[in-house]
Structure formats: C-alpha cells, structure tokens
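**Student:** Just remember that my numbering sits 11 ahead of the position in the sequence shown, which is counted from 1. Virtual Cβ for every residue (Gly too), placed ideally from N, Cα, C. The structure presented is a predicted model; accordingly, all values stated were derived computationally and were not measured.
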Amino acid sequence: MRSYQNFIGGEWASAASGQTFTNFNPADTREAVAQYPQGGRADALAAIAAAQAAFPGWAAQTSVARGRILSKASQLIEARKSELAELLTREEGKTLAEATGEVQRTADIFRFFGGQSYVLGGQTIPHDLPSQLLYTRREPLGVVALITPWNFPIAIPAWKMAPALLCGNAVVIKPASQAPAITCELAKILVEAGLPKGVLNVVIGSGKEVGGELATNPAVVALSFTGSVGVGSQIYQQLAPRMARAQMEMGGKNPTIVLADADLDLAARLVAIAGFGLTGQACTATSRVIVERSVADALTAKLIEKAKAIVVGNGLKAGVTMGPAVSKPQLEGNLNYVQIAQQEGASLLCGGARLTDGDLAHGYFMQPTVLGNVRPTARIACEEVFGPVVGIIPVDSFDEALAVANSVDVGLSASLVTRDLKKAMLYTERIQAGVVKVNQISTGLALQAPFGGVKKSSTDSFKEQGAGAVEFYSKLKTVYLDYSA
Ligand code: NAP
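Shown next as structure tokens:
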C-alpha cells in the first residue's frame, strides 16, 4: 500500500489532526491502494499561507521560464505513463486503456501550455492619435484554489493547474478524496521539473473542511471547481460576497439524438462508447438517447447487442472493456436509478443488475444498462446518474427531439447522428449545450479547444482548456503611453 501526505510549502506533511484514511481498489476491495492524511481547515490555511509567500517570486518569472517547467513536466509524465496509468486504474477503476489515454492527455496538456508560454501576453491596440502606445498587459491573479472530482483524477487537475501556473499564480489544489494519489504524483513530477517551493500545494481531506476554507478564505482570489451541481452552486455562493473569480464546471444529462436517416450502426456504436465507456462516469457521457420513433426499435436492438458485448471486470485485466463504479454509494445510486426508472414506467431492456460472479463479488460492478420507453419528464431522463445507464426516449420529429434535448436544466455536451446537413446545422444553432457534436460521441474533447457547459452545467463566464483557458487565470491591465512630447 502506498502512503501520501499533504504537500505544503514544498514539504510533505501529515494532517494537523494526525488523522488518516485509506482508499481501496473499487475493482477489488481486498486491495488497499493508499493511505492519506485527513486534512482540515488548519492544513488548508497552511497551504494558502505557503502559496501567498511563493506568489511574488513565481509571478516575477517570465512566462517562458514558467513554460519550460510545464514542458519538462510533460516529458516526465510521458516517461512514467504506464506506471501512472496503472495507479489510476487501481484507485478509480477505469480500464487501463482509458487510464493510459488520460495520462497521455495530461502530458499533452502540459506540452500545450508549455508552448503557450511563448504567446502569453496582451495586445497592442491602435490609438486615435499619433505617438501613443496603447496596449494590454496580462498579469497573474494571486493565490488560486482548484477543487477537482474523482472521475478524471489526473486530467482535470492538469487542465486547471497548467494554465494557472503558466499565468504566474500560486496554487492550492484539493483533489477528490476518492482518488487523490495521482494528483500527488503530479506534484512530485512538477517538483522534479523545477517548480519552486510553495507554488503548488496539495491538501487532501474533507470537501466541507478543506474545500470550505478554500471557498471562504479572502486570500484565495479565484477558485476553479469541477464536480456536482450541488457542491458547485454552494461554492459559487461562498465566493460571491467577496467577488472572487469563480469557474464552476458541473454535471450534465447529455443527449445523443438519432434521426430516422442516420446510419444506425454508427449511432449504436457512438451511444455505446459515450454511454458505457468510462463506466458512464464522464460528465459528457450520453445518458439520453432521443430517437425518431420509426427507427427506435432497430437502434435499440443494435445498442443492446453492443451492451451485451461489453466485458465488465477489473480494468487491469486484458480484454476488460468496462470497469467498476468508483464506490459503493455510486454503485447503489446507479442501481437505485434503474429501480426508479422502472417505477416511473420505463422498461428494463438490458442489464440493470450488480455483477457478483467470482472475483467480481469483491468490486462494485454492474451490467451496462438500457432502459426503453423513457418519458422525457421522468427522473431518469432529467437527473444525472453518472453510471452505465442509458435511457431511450422515442420522439416523432426533429423538432420534438430538440425540444426534449433542451428540456433539462443542464447543458454540457450533446450529439446528433444524421446524414441531413440542414438539420445538423439547425441543431448546432438551437441545441442548448456548451459542446455540440455531429456524428461523434458526446464524450471526448480536444484539449486545444474551449470546454464548458451552459445552464446549470457551468457558471459559463470562463471556458476551460484551449488557449483561452488563460482568461480565467489572469487579468488584463490597459496601458496608455504618450511619447509625443
Ligand atoms: P462532488 O461530490 O461535487 O466533489 C467534487 C469536489 O468537491 C471533491 O474534491 C469534493 O471533495 C469537493 N467537495 C465536496 N463537498 C464540498 C464542499 N462542501 N465544499 C467544497 N468542496 C467540496 O463531485 P464528484 O462526485 O467528485 O464528481 C462527479 C461530478 O463531477 C459529476 O456531477 C460530474 O458530472 C461532474 N464533472 C463535471 C465535469 C465538467 O467539466 N463539467 C467534469 C468531470 C466531472 P471530497 O471528494 O473530499 O468530497
């Protein structure tokens, strides 16, 4: 079993309380993965103080110097890819292939922002008069807090941390208690790459205590959060009184719309990947299949075939294509939603049960699940499950499909499968989602493109990822200079 500590001011430290907790492999709970400090407010305060002390020196470096450290970190992550991926699978449960992809993405994120260090800056703007220089300077914010979820335990910390550090901020990160190991490994890598002490601090512990301190401490000038709508909304309220900068990226209820003219083999494949991949534990996972009634039965049959072909098991085993739910409460929540859906009139077409054969009994495994005849207003069609559960909603027209897709209070990602270019273009205009896909999976994002939701999926004031991610982590100063005299 591994053992980790908090990382504060360049030192690895136990929690002030002296308490610890242990995480177990969700694919086999007989295996203890790692022990962690149960941090609280005192640890968060120490981390904020360390970040405050480190900030001026880090901010004074050029962006190119900071970028070199990020680029070096990218190389170190890539060199340790297989070891990091295995650790990720052991703690979070996704398959080794999925974990390897996430670690590679993390290396790419650091490489991307290392490159961005050469173009980070303001803009020169033509002035009305001669002999005037009008330009903007991009400056860091100060101490920035990051609060991250367990489902992408290295990529999400990375896509927040890299632009935050590039812009010259000092960072305190609180990773999800369910999977903090890989964030600690990332901190070690950044130290090896040359990050000065105190510029990055990691505090593991209770969301309410550690997260609560980060959300309310006046020294924290900006907070970027990814997680559930409930927690994100609460943090947003905590930041508002002091007008701290807020970036809240939250859940979704993502549709894949399948029109009658679609290639149904393609549609079934896209839904199976986006619905059951990553055990459905992706914020952009497809959970609603909104399909024109004339092809609903044919699509459903193809989707069931795909679901049945999925090999559920320990993600470290060759041939396994879907891992466990991350935890017992998550598994129980998924199974509960299957019950609720049936009570509300949906029919269970495939899956729906826990898997307990042989070694599976030691993990949180369930069958990929397809529910038919789901009503658009049923809870299963409106609430995020965050598991491998897909509901089929038959509709009579393209317009009805759009209305149903837009009827929920979140809007993260959406996909449409069609060969009709006109309808595809109308959909891109009318769909209420931050990420809009045509003939593609609702999951999967290009790290160089902006990402974020609309409605209750996001505060939607700043996008994550892509070159524009620096907007959240920096402020612009406008400079007027007269050299006419
Ligand atoms: P969560 O329960 O909201 O937790 C997210 C983070 O917030 C964790 O680090 C958690 O700490 C912390 N936290 C909990 N209570 C807190 C409080 N009162 N104050 C401050 N921080 C607190 O979400 P999750 O279960 O980890 O992640 C799943 C959710 O994330 C889903 O809703 C999913 O859709 C969403 N998600 C969204 C995106 C996106 O980009 N839009 C991406 C991935 C995931 P503890 O772990 O210690 O409780």
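Which of the three DSSP states, helix, strand or coil, is assigned to F163?
**Tutor:** Along the sequence shown, read from residue 1 onward, the residue named residue 163 stands at position 152. Reduced to three states, the DSSP call for F163 is coil.
**Student:** Is the Cβ-Cβ distance between A187 and W161 less than 7 Å?
**Tutor:** Position 176 of the sequence shown, counting from 1, holds the residue named residue 187. Position 150 of the sequence shown, counting from 1, holds the residue named residue 161. A contact, by the Cβ cut-off of 7 Å.
**Student:** Going by C-alpha to C-alpha distance, which of N450, A357, N212, R122 sits closest to A279?
**Tutor:** The count along the sequence shown starts at 1 and reaches residue 279 at position 268. Out of N450, A357, N212, R122, the CA that lies nearest to the CA of A279 is found in N450.
**Student:** Can you determine whether any heavy atom of the ligand NAP sits closer than 6 Å to the C-beta of I158, and answer yes or no?
**Tutor:** Counting from one through the sequence shown, the residue named residue 158 turns up at place 147. For the ligand NAP, at least one heavy atom lies less than 6 Å from the Cβ of I158.
**Student:** Sorry if obvious, but does the Cβ on V242 come closer than 6 Å to a heavy atom of the ligand NAP?
**Tutor:** Counting from one through the sequence shown, the residue named residue 242 turns up at place 231. Correct: V242 has its Cβ closer than 6 Å to the ligand NAP.
**Student:** For E22, list the residues DSSP reports as bridge partners.
**Tutor:** Indexing the sequence shown from 1 puts residue 22 at position 11. BP columns for E22 point to I19.
**Student:** If you run the structure through DSSP and keep just helix, strand and coil, what is V306?
**Tutor:** Counting from 1 along the sequence shown, the entry for residue 306 is found at position 295. V306: helix per DSSP, three-state reduction.
**Student:** Let me check you understand the geometry: is the CB of N162 closer than 6 Å to at least one non-hydrogen atom of the ligand NAP?
**Tutor:** To locate residue 162, count along the sequence shown from 1; it is residue 151. Indeed, a heavy atom of the ligand NAP lies less than 6 Å from the Cβ.
**Student:** If I follow the unbroken alpha helix (DSSP H) through F124, where does it start and stop?
**Tutor:** Position 113 of the sequence shown, counted from the first residue, corresponds to residue 124. 107-127 is the extent of the alpha helix (DSSP H) around F124.
**Student:** Please name the residue or residues paired with D39 in a DSSP beta bridge.
**Tutor:** Sequence index remark: in the sequence shown, residue 39 carries index 28 (1-based). DSSP lists N36 as partners of D39.
**Student:** Tell me which residues share the same chain as A198 and place their Cβ nearer than 7 Å to its Cβ, disregarding the 5 neighbours each side in the sequence.
**Tutor:** Position 187 of the sequence shown, counted from the start, is the residue given in the question as residue 198. Answer for A198: F18, L211, V213, listed in chain order.
**Student:** For the beta strand (DSSP E) holding E260, just list the boundary residues, first then last.
**Tutor:** The residue labelled residue 260 in the question sits at position 249 within the sequence shown. Unbroken beta strand (DSSP E) run through E260: 256-260.
**Student:** Regarding E260 and the ligand NAP, is the C-beta to nearest heavy atom distance less than 6 Å?
**Tutor:** One-based indexing of the sequence shown puts residue 260 at position 249. Yes.
**Student:** By DSSP, does L366 sit in helix, in strand, or in coil?
**Tutor:** By 1-based counting over the sequence shown, the position of residue 366 is 355. L366: coil per DSSP, three-state reduction.
**Student:** With distances taken from CA atoms, which of R91, I80, H138 is nearest F121?
**Tutor:** Residue numbering aside, residue 121 sits at position 110 when the sequence shown is read from its first letter. Of R91, I80, H138, the residue nearest in Cα terms is I80.
**Student:** With a floor of 4 residues, list each alpha helix (DSSP H) that falls wholly inside the segment 67-113, ordered by position along the chain.
**Tutor:** 74-90, 92-103
**Student:** Run the proximity test for A187: is its beta-carbon closer than 6 Å to any non-hydrogen atom belonging to the ligand NAP?
**Tutor:** On the sequence shown, residue 187 is found 176 positions in, with the first residue counted as 1. At least one heavy atom of the ligand NAP is nearer than 6 Å to the Cβ of A187, so yes.
**Student:** With DSSP as the reference, identify every bridge partner of T332, one or two as the case may be.
**Tutor:** To locate residue 332, count along the sequence shown from 1; it is residue 321. Looking at the DSSP assignment, T332 forms no beta bridge with any residue, so it has no partner.
**Student:** State yes or no: is the C-beta of C361 nearer than 6 Å to some heavy atom of the ligand GTP?
**Tutor:** Summarising the ligand content, the structure contains the ligand NAP and does not contain the ligand GTP.
**Student:** Taking W170 as the reference, which of R365, Y484, V490 has the closest Cα?
**Tutor:** As a position in the sequence shown, residue 170 is number 159, starting the count at 1. When each option's Cα is compared against that of W170, the closest is Y484.
**Student:** Taking P48 and S25 to be in contact with their CB atoms under 8 Å, please state how far apart those CB atoms are, rounded to whole angstroms.
**Tutor:** On the sequence shown, residue 48 is found 37 positions in, with the first residue counted as 1. On the sequence shown, residue 25 is found 14 positions in, with the first residue counted as 1. Indeed they touch by this definition, with Cβ atoms about 5 Å apart.
**Student:** Reducing DSSP to helix, strand and coil, say where E475 ends up.
**Tutor:** In the sequence shown, the residue the question calls residue 475 occupies position 464. Here E475 sits in strand by DSSP.
**Student:** Could you name the residues that DSSP lists as bridge partners for I268?
**Tutor:** Here residue 268 refers to the residue found at position 257 when the sequence shown is read from its first residue. Within the DSSP bridge table, the entry for I268 names I301, L427 as partners.
**Student:** By the 10 Å Cβ neighbour count, where 16 or more other Cβ atoms means buried, how is R77 classified, buried or exposed?
**Tutor:** Your numbering for residue 77 matches position 66 in the sequence shown. Buried.
**Student:** Hey, how far is the Cα of A352 from the Cα of H373?
**Tutor:** Here the question's residue 352 lines up with position 341 in the sequence shown. Here the question's residue 373 lines up with position 362 in the sequence shown. Between the alpha carbons of A352 and H373 lies a distance of about 27 Å.
**Student:** What residues in its chain sit with their C-beta under 8 Å from that of E482, if we drop five residues either side in the sequence?
**Tutor:** In the sequence shown, residue 482 corresponds to position 471, counting from 1. Around E482: F473, K474.
**Student:** Can you give me the Cβ contacts of P174 inside the same chain, cut-off strictly under 6 Å, excluding the 5 residues immediately before and after it?
**Tutor:** Within the sequence shown, numbered from 1, the residue matching residue 174 stands at position 163. The beta carbon of P174 lies closer than 6 Å to those of F124, A480, V481, Y484 in the same chain, with the five residues before and after it left out.
**Student:** Under 8 Å: do the segment 230-243 and the segment 251-268 share three or more Cβ pairs, one atom per stretch?
**Tutor:** yes
**Student:** To the nearest angstrom, report how far apart V381 and Q127 are at their CA atoms.
**Tutor:** One-based indexing of the sequence shown puts residue 381 at position 370. One-based indexing of the sequence shown puts residue 127 at position 116. Cα-Cα distance, rounded: 43 Å.
**Student:** Only counting the same chain, and skipping five residues up and downstream in sequence, which positions put a Cβ closer than 7 Å to that of G263?
**Tutor:** Stepping through the sequence shown from its first residue, residue 263 is reached at position 252. Closer than 7 Å at Cβ, skipping near neighbours: C294, T295, E395, V421, L423, S424, G464, S468.
**Student:** Only counting the same chain, and skipping five residues up and downstream in sequence, which positions put a Cβ closer than 7 Å to that of K486?
**Tutor:** Mapped onto the sequence shown, residue 486 falls at position 475. So the list reads E150, L152, once near-sequence residues are dropped.
**Student:** Which residues in the same chain have their Cβ closer than 7 Å to the Cβ of S418, if we skip the five residues on either side of it in sequence?
**Tutor:** The residue given as residue 418 occupies position 407 in the sequence shown. Contacts found: P387.
**Student:** Just to confirm the assignment, what range does the beta strand (DSSP E) spanning Q143 have?
**Tutor:** Counting from one through the sequence shown, the residue named residue 143 turns up at place 132. Note, Q143: beta strand (DSSP E), 143-151.
**Student:** Are there 16 or more other CB atoms within 10 angstroms of the CB of P67, so buried, or fewer, so exposed?
**Tutor:** Numbered from 1 along the sequence shown, position 56 holds the residue referred to as residue 67. P67 should be labelled exposed.
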